[in-house]
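Data first, discussion second: the structure below is written as structure tokens.
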Amino acid sequence: MMLTTHVLAGLALALPVVVFVPELAPVAVVSGALGGAWPDFDLYAGHRKTLHFPVYYSALAVPAIGLALVIPTLLTVAVAVGLAAAALHCLMDVFGGGLELRPWEGGSERAVYDHYHDRWVTPRRLIRYDGSPEDLLLAGGFAVPTVLLLDGLVVVLVTLLLAVSFVYVVLRRWLADLAPAVFSKVPEPIEEYVPDRYTE
């Protein structure tokens, strides 16, 4: 799924804090956004494997949420929401397409790496690929409650994320055709960091 969808999902995870412990809302919102984005920081270094830990993030999120419910502080809420958002990101990737330049072709059986079981999880393809219309619909679904419960800069951020998502959805297939031409011309020192899927 799109990075923007993951960030919007992380923001949505912060909403219970916004409602029930409003004084901790800012830290929850920031942690949700960062936690939702964090796993994709591995985009150019073993994507969906290096920073994607579906089992471990989930296992750590459960006690962290429990602690935050019992002792709601800046730290406990930040850790709980951040871990929950990172776990949700990894689990959402399982329900998307495979790890490939053109995931709508269904050629990859690698959705996300499960370090606990030491294997790739097969994509379920409920959201056919990142940048699909249903990915945009999901992003919008996460955005609506966030916009209804928050205001100010967060609403601006959500609006920008949805705008970027829309543009990406419109251009997604064209970008897949453009990528091999662009990435085949990168300077040699950078070449080793370009994922193989970008030169397919």
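My numbering applies: residue 16 is where the sequence shown begins, and numbers increase by one.
Even glycine gets a Cβ: it sits at the ideal position worked out from N, Cα and C.
Just so it is clear, the structure is predicted and the values come from calculations on it, not from any experiment.
For the pair Val-96 and Gly-25, the CB atoms are nearer than the 9 Å cut-off. Counting along the chain, Arg-63 sits inside no alpha helix (DSSP H), nor does DSSP assign it H or E at all.
Contact between the stretch 155-169 and the stretch 200-215 is absent: fewer than three C-beta pairs spanning the two stretches fall below 8 Å. Looking at the DSSP output, Asp-129 shares a beta bridge with Arg-134.
Spanning the alpha carbons of Trp-189 and Pro-195 requires a straight line of approximately 11 Å.
Spatial neighbours of Phe-198 in its own chain (CB-CB distance under 7 Å, excluding positions within 5 residues in sequence) are listed in chain order as Val-209, Tyr-213, Thr-214. Burial is judged here by how many other beta carbons sit within 10 angstroms of a residue's own beta carbon; Ile-86 has fewer than 16 and is exposed. Each of Ala-60, Asp-55, Ser-123 was checked against the Cα of Arg-143, and the nearest Cα belongs to Ser-123.
Non-local C-beta neighbours of Glu-115 in its own chain, meaning closer than 6 Å and more than five positions away in sequence, comprise Gly-122, Ser-123, Arg-212, ordered along the chain. For Ser-46, the enclosing alpha helix (DSSP H) stretches over residues 40-52. A distance of 9 Å or more separates the beta carbons of Arg-139 and Phe-181. For Leu-190, the enclosing alpha helix (DSSP H) has its first and last residue at 168-198. Note that the C-beta distance between Ala-48 and Ala-100 is below 9 Å. Distance check between Leu-193 and each of Ala-79, Met-16, Ala-60, Arg-117 places Arg-117 closest, using alpha-carbon atoms only. Arg-139 carries a coil assignment under DSSP once its states are collapsed to helix, strand and coil. According to the DSSP assignment, Pro-31 belongs to the alpha helix (DSSP H) that extends over 30-35. With respect to the C-alpha of Leu-75, the residue from Ala-102, Leu-28, Trp-53 having the closest C-alpha is Ala-102. Going by C-alpha positions, Val-70 is about 8 Å away from His-130. Here Leu-39 really is in contact with Val-92; their C-beta atoms are around 5 Å apart, less than 8 Å.
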